[in-house]
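A.B. asks:
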Amino acid sequence: MSSTLQFSDDAFRSGTATELKVDQNLAPDSTSDLFLRHRLKIVEDLWEAVLQQECGQQLVDLLQQLRSLYSPEGEVLSENEEENALKVIESLDLNEAIRTARAFALYFQLINIVEQHYEQRGQQQQYRAEQQAVIREDLLESGHVPDESDPEAKGSVLHANLLEKSLTVPPRREVGTFQALFPKLHRLNVPPRQIQNMIDQLDVRLVFTAHPTEIVRHTIRDKQRRIAKILRELDRVDEGLTSAIELEDLRERLTEEIRLWWRTDELHQFKPTVLDEVDFTLHYFEEVLFDAIPQLYHRFYRALKGTFPRLRPPKHNFCKFGSWVGADRDGNPSVTPEITWKTACYQRNLVLGKYIQSVSHLTSLLSLSLHWSDVLPELLESLEQDQVQLPEVYEQLAIRYRQEPYRLKLAYIQKRLENTLDRSIKLYNGDYLQSELVDVNPAVIYRTGGEFLKELQLIRHNLEETGLSCRELDNLICQVEIYGFNLAHLDIRQESSRHSDTLTEIAEYLQILPTPYNDLSEEQKVLWLATELQTRRPLIPAELSFSDKANEAIQTLRMVRKLQQEFGEEICTTYIISMSHQVSDLLEVLLLAKEAGVYDPATGMGTLQVVPLFETVEDLQRAPAVMQELFELPLYRALLAGGFEAERNPDAATLPLQEVM
4 MSSTLQFSDD
14 AFRSGTATEL
24 KVDQNLAPDS
34 TSDLFLRHRL
44 KIVEDLWEAV
54 LQQECGQQLV
64 DLLQQLRSLY
74 SPEGEVLSEN
84 EEENALKVIE
94 SLDLNEAIRT
104 ARAFALYFQL
114 INIVEQHYEQ
124 RGQQQQYRAE
134 QQAVIREDLL
144 ESGHVPDESD
154 PEAKGSVLHA
164 NLLEKSLTVP
174 PRREVGTFQA
184 LFPKLHRLNV
194 PPRQIQNMID
204 QLDVRLVFTA
214 HPTEIVRHTI
224 RDKQRRIAKI
234 LRELDRVDEG
244 LTSAIELEDL
254 RERLTEEIRL
264 WWRTDELHQF
274 KPTVLDEVDF
284 TLHYFEEVLF
294 DAIPQLYHRF
304 YRALKGTFPR
314 LRPPKHNFCK
324 FGSWVGADRD
334 GNPSVTPEIT
344 WKTACYQRNL
354 VLGKYIQSVS
364 HLTSLLSLSL
374 HWSDVLPELL
384 ESLEQDQVQL
394 PEVYEQLAIR
404 YRQEPYRLKL
414 AYIQKRLENT
424 LDRSIKLYNG
434 DYLQSELVDV
444 NPAVIYRTGG
454 EFLKELQLIR
464 HNLEETGLSC
474 RELDNLICQV
484 EIYGFNLAHL
494 DIRQESSRHS
504 DTLTEIAEYL
514 QILPTPYNDL
524 SEEQKVLWLA
534 TELQTRRPLI
544 PAELSFSDKA
554 NEAIQTLRMV
564 RKLQQEFGEE
574 ICTTYIISMS
584 HQVSDLLEVL
594 LLAKEAGVYD
604 PATGMGTLQV
614 VPLFETVEDL
624 QRAPAVMQEL
634 FELPLYRALL
644 AGGFEAERNP
654 DAATLPLQEV
664 M
């Protein structure tokens, strides 16, 4: 049997549709390869056509000549051909060389889009084929095989059962997937208790770092996504869902995208700022990760329950994110305390905007009426409280939603989110040193993601108690538990000498050391630092009159305290010391942290973990001895354990794993 694809290369050039026959008996991956070659030819032809229109036939001939000298794998066909290629390239003037390089860059990006799309398409076809094989095998065993020649069979009960069964077939078990992992653990007779312990301890932290030289413009990424979308629409041809008019429209859209891309700069024509780097990083969260991680959790959950139905799934937030972007100031003077503050606000603004969109969507879904669905007293009581705290929402929507309590509740939630976003934008635009001046009635905003989460859980509890569920609500709850209001925690990083230089200036200003701090031996430094850490008097004056670098080091830790006060301690819990050499490198930061109010040596408690980063070969070799000496210091052991009381009572706290980099 075969199906007809009403589309071909000629269709793109002439606007007419010809037939491409696809043998349905081919394996799905073979079919995908056939379509891949077809789409590659289409894109290559359009690429040449656009360049011919934009640059003329001479450039197209040059590109074809260079391509003919290389194999499809990019290898030179012969030594003679390599010499010919070099001669052709060396003969180009500067403008020709630039155009040729841009043309090939565009070509390879287009090819990558096609190949990535059809790799996914092949996987989907393989999955569907496996589903159909399992279903057909089950039907053969039961003696119920539909007569495909019967025109009425498609509407039969048997076909309805076939469709229903196709939705329950276990997903394919590829190596490296959750679907393959848990059956393998079962075959290996791994004890369920051991698996449960591993699940309970699952804690994945993914950290973004800034690489300005790799920045690709949002404009280019948007074009790539639009071209991939057109390819998905072309797939509908295979299903017979596209008319000749629609095909012509797709041809024009694809040509237009390629032509506009050709006239677009690949990179920004200016040096990106730190906030540009932040925006680039958050683009991945906004376009991919925000929705992908909840999907990852659901795949984990389904795979686990399919093999070990009695085991508990992990917490929703088993995978969290961190970022150095906007917080890593090592060697980058542009990363100031103000920039780090703005980065935290920027992240919160983005996640609040996503939540507002989700709540708006939920409002359209949860249209339950009091006439047809019960509501628990807890929800009604919360609505009465909302009415008092947000009277403007009640006045505007009470009549419209008088019989729809879920929609009214979501309206209150959305208003609080909008108020929270407005406040966060003001904090972003204002002076972080005066953040306390940007305040509103706490009853009309959410101070933490936990407050927002509690309201969503109230709605879910009401739905469950009345026998209902809502996948969109579950996804939103999962996202809030993963991202909160901070999206990602920020890791501060600074080079070790910045802290020692700062303390040298402070000690010299106060005249409390007989010799400059930097001239002390390591043993003398550790002794003085330990003494200062136990001293109750402040070391650093309120008014800073030091060098810009020293002031920045002091202000950074003061800013961390304000960050934790505004966003919660989880926004910034790690201070990384690059180029760490000795124990004193960590104690210096602890002393500055004490002065900023994020570490209390008297109790041994702090809200900031200080992490050494050993980088040179010598430092890496010395690292075990340095860490051993640190662990033997009572104040450092107490900090890791969560305070002196926790250290004295091992059952009261678990020593967290200290990150040594």
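Residues are numbered in our numbering as their position in the sequence shown, beginning at 1, plus a constant of 3. Every residue, glycine too, gets a C-beta built ideally from N, C-alpha and C. Since the structure is predicted, the reported quantities are computational estimates derived from the model, not experimental observations.
Along the chain, where does the beta strand (DSSP E) containing Gly571 start, and where does it finish?
C.D. replies: Working through the sequence shown from its first residue, we reach residue 571 at position 568. Note, Gly571: premise wrong, no beta strand (DSSP E); not H, not E.
A.B. asks: Is it buried or exposed, Ala556, if we count other Cβ atoms within 10 angstroms and call 16 or more buried?
C.D. replies: Position 553 of the sequence shown, counting from 1, holds the residue named residue 556. The residue in question, Ala556, is buried, as its Cβ has 16 or more Cβ neighbours within 10 Å.
A.B. asks: How far does the alpha helix (DSSP H) with Tyr304 in it reach, from first residue to last?
C.D. replies: For the purposes of this step, residue 304 is taken as the residue at position 301 of the sequence shown. Residues Phe293 to Thr310.
A.B. asks: Exposed or buried, which one is Asn83 when buried takes at least 16 other CB atoms within 10 Å?
C.D. replies: Taking the first residue of the sequence shown as 1, we reach residue 83 at position 80. Exposed, by the Cβ-count rule.
A.B. asks: Ignoring anything shorter than 3 residues or poking outside the stretch 206-294, list the beta strand (DSSP E) runs there in chain order.
C.D. replies: Runs of the beta strand (DSSP E) inside the stretch 206-294: 207-211.
A.B. asks: To which residues of the same chain is Lys528 closer than 6 Å at the C-beta, ignoring the five residues directly before and after it?
C.D. replies: The residue given as residue 528 occupies position 525 in the sequence shown. Within the same chain, Lys528 has close Cβ partners Ser587.
A.B. asks: Cβ of Lys597 within 8 Å of Cβ of Leu536?
C.D. replies: By one-based count along the sequence shown, residue 597 stands at place 594. By one-based count along the sequence shown, residue 536 stands at place 533. Cβ distance < 8 Å, so Lys597 and Leu536 count as in contact.
A.B. asks: Among the residues of its own chain, which have a CB less than 6 Å from the CB of Ser33, if the five just before and after it don't count?
C.D. replies: As a first step, residue 33 must be located in the sequence shown, where it is residue number 30. Low local confidence applies: a pLDDT of 43 at Ser33 is under 50, so the model's placement there is unreliable, and no value is given.
A.B. asks: Alpha carbon to alpha carbon, how far is Asp64 from Trp50? Give it in angstroms, no decimals.
C.D. replies: Along the sequence shown, one-based indexing puts residue 50 at 47. Along the sequence shown, one-based indexing puts residue 64 at 61. Whole-angstrom Cα-Cα distance: 13 Å.
A.B. asks: Mapping the DSSP letters down to three states, classify Thr346 as helix, strand or coil.
C.D. replies: Numbered from its first residue, the sequence shown carries residue 346 at position 343. Residue state, collapsed to three classes: helix.
A.B. asks: Is Ser337 helix, strand or coil when you go by DSSP?
C.D. replies: Numbered from its first residue, the sequence shown carries residue 337 at position 334. Residue state, collapsed to three classes: coil.
A.B. asks: Assign Leu66 to one of two classes, buried (16 or more other C-beta atoms within 10 Å of its C-beta) or exposed (fewer than that).
C.D. replies: Here residue 66 refers to the residue found at position 63 of the sequence shown. Under this definition Leu66 is a buried residue.
A.B. asks: Pick out whichever of Ser550, Leu532 and Asp551 has its Cα sitting closest to the Cα of Leu542.
C.D. replies: By one-based count along the sequence shown, residue 542 stands at place 539. Answer by Cα proximity: Leu532.
A.B. asks: Assign His492 to one of three DSSP states: helix, strand, or coil.
C.D. replies: Translated into positions along the sequence shown, residue 492 becomes position 489. Three-state DSSP puts His492 in a strand.
A.B. asks: Look up Gln67 in the DSSP assignment and say whether it is helix, strand or coil.
C.D. replies: In the sequence shown, the residue the question calls residue 67 occupies position 64. If DSSP states are grouped into helix, strand and coil, Gln67 belongs with the helices.
A.B. asks: Could you name each continuous beta strand (DSSP E) segment of 3 residues or more that falls completely within the stretch 437-487, going from the start of the chain to the end?
C.D. replies: The stretch 437-487 contains no whole beta strand (DSSP E) run of 3 or more residues.
A.B. asks: For Tyr404, which of helix, strand or coil comes out of DSSP?
C.D. replies: Residue 404 sits at position 401 when you count from the first residue of the sequence shown. Residue state, collapsed to three classes: coil.
A.B. asks: From the DSSP output, in three-state form, read off Met608 for me.
C.D. replies: Taking the sequence shown and counting its residues from 1, the one referred to as residue 608 is at position 605. Strand at Met608.
A.B. asks: I want to know whether the stretch 100-117 touches the stretch 219-233 - three or more CB-CB distances under 8 Å.
C.D. replies: Verdict: yes, contact present.
A.B. asks: Quick one: residues in its chain with C-beta nearer than 6 Å to the C-beta of His120, no 5 flanking neighbours on either side, listed in chain order?
C.D. replies: Here residue 120 refers to the residue found at position 117 of the sequence shown. The residues are Ala231 and Leu234.
A.B. asks: Go through its chain and collect everything with a Cβ distance to Leu590's Cβ below 6 Å, but skip five positions before and after it.
C.D. replies: The count along the sequence shown starts at 1 and reaches residue 590 at position 587. The answer, listed in chain order, is Leu532.
A.B. asks: Do you know offhand how far Asn422's Cα is from Leu62's?
C.D. replies: On the sequence shown, position 419 is the one that residue 422 refers to. On the sequence shown, position 59 is the one that residue 62 refers to. Answer to the nearest angstrom: the Cα atoms are 56 Å apart.
A.B. asks: Please say whether Arg208 and Gly325 have beta carbons closer to each other than 8 Å?
C.D. replies: Indexing the sequence shown from 1 puts residue 325 at position 322. Indexing the sequence shown from 1 puts residue 208 at position 205. The answer is yes: Cβ separation under 8 Å.
A.B. asks: Roughly how many angstroms separate the alpha carbons of Lys429 and Asp279, rounded to a whole number?
C.D. replies: Translated into the one-based positions of the sequence shown, residue 429 becomes position 426. Translated into the one-based positions of the sequence shown, residue 279 becomes position 276. For Lys429 and Asp279, the distance between alpha carbons rounds to 19 Å.
A.B. asks: As an exercise, report each continuous alpha helix (DSSP H) stretch of at least 4 residues that is fully enclosed by the stretch 612-647, in chain order.
C.D. replies: The stretch 612-647 contains these whole alpha helix (DSSP H) runs: 620-634 and 637-644.
A.B. asks: At a cut-off of 7 Å, is Leu109 close to the ligand SAH when judged by its beta-carbon and the heavy atoms of the ligand?
C.D. replies: No copy of the ligand SAH occurs in the structure displayed, which carries no ligand at all.
A.B. asks: Indicate the three-state DSSP secondary structure (helix, strand or coil) for Asp377 in the structure shown.
C.D. replies: Locating residue 377 in the sequence shown gives position 374, counting from the first residue. Three-state DSSP puts Asp377 in coil, outside helix and strand.
A.B. asks: Which first and last residues belong to the beta strand (DSSP E) in which Phe324 is found?
C.D. replies: Indexing the sequence shown from 1 puts residue 324 at position 321. Note, Phe324: beta strand (DSSP E), Cys322 to Ser326.
A.B. asks: Within the same chain, show all residues whose beta-carbon is closer than 8 Å to that of Phe570, passing over the 5 residues directly before and after it, in chain order.
C.D. replies: Locating residue 570 in the sequence shown gives position 567, where the first residue counts as 1. Ala347, Arg351, Phe488 and Asn489.
A.B. asks: Express the C-alpha separation of Arg190 and Ser372 in angstroms, rounding to a whole number.
C.D. replies: Here the question's residue 372 lines up with position 369 in the sequence shown. Here the question's residue 190 lines up with position 187 in the sequence shown. C-alpha separation (whole angstroms): 50 Å.
A.B. asks: I need the boundaries of the beta strand (DSSP E) containing Ile579, first residue and last residue.
C.D. replies: For the purposes of this step, residue 579 is taken as the residue at position 576 of the sequence shown. First-last of the beta strand (DSSP E) with Ile579: Thr577 to Ser581.
A.B. asks: Going by Cα to Cα distance, which pick from Leu513, His364 and Gln182 is closest to Leu476?
C.D. replies: As a first step, residue 476 must be located in the sequence shown, where it is residue number 473. For the residues Leu513, His364 and Gln182, the minimum Cα distance to Leu476 belongs to His364.
A.B. asks: For Leu593, count neighbouring C-beta atoms within 10 Å of its own C-beta (all shown protein chains included) and say buried if the count is 16 or more, exposed if not.
C.D. replies: Here residue 593 refers to the residue found at position 590 when the sequence shown is read from its first residue. So Leu593 counts as buried.
A.B. asks: Assign Arg124 to one of two classes, buried (16 or more other C-beta atoms within 10 Å of its C-beta) or exposed (fewer than that).
C.D. replies: For the purposes of this step, residue 124 is identified with residue 121 of the sequence shown, where counting begins at 1. Its Cβ being crowded by 16 or more others within 10 Å, Arg124 is buried.
A.B. asks: Going by other Cβ atoms of all chains shown within 10 Å of its Cβ, with 16 needed for buried, is His492 buried or exposed?
C.D. replies: As a working note, residue 492 is residue 489 in the sequence shown. That one is buried.
A.B. asks: Looking only at its chain, what residues have a beta carbon closer than 7 Å to the beta carbon of Arg410, apart from the 5 residues adjacent to it on each side?
C.D. replies: As a working note, residue 410 is residue 407 in the sequence shown. Hits under 7 Å: Thr366, Leu369, Ser370 and Tyr404.
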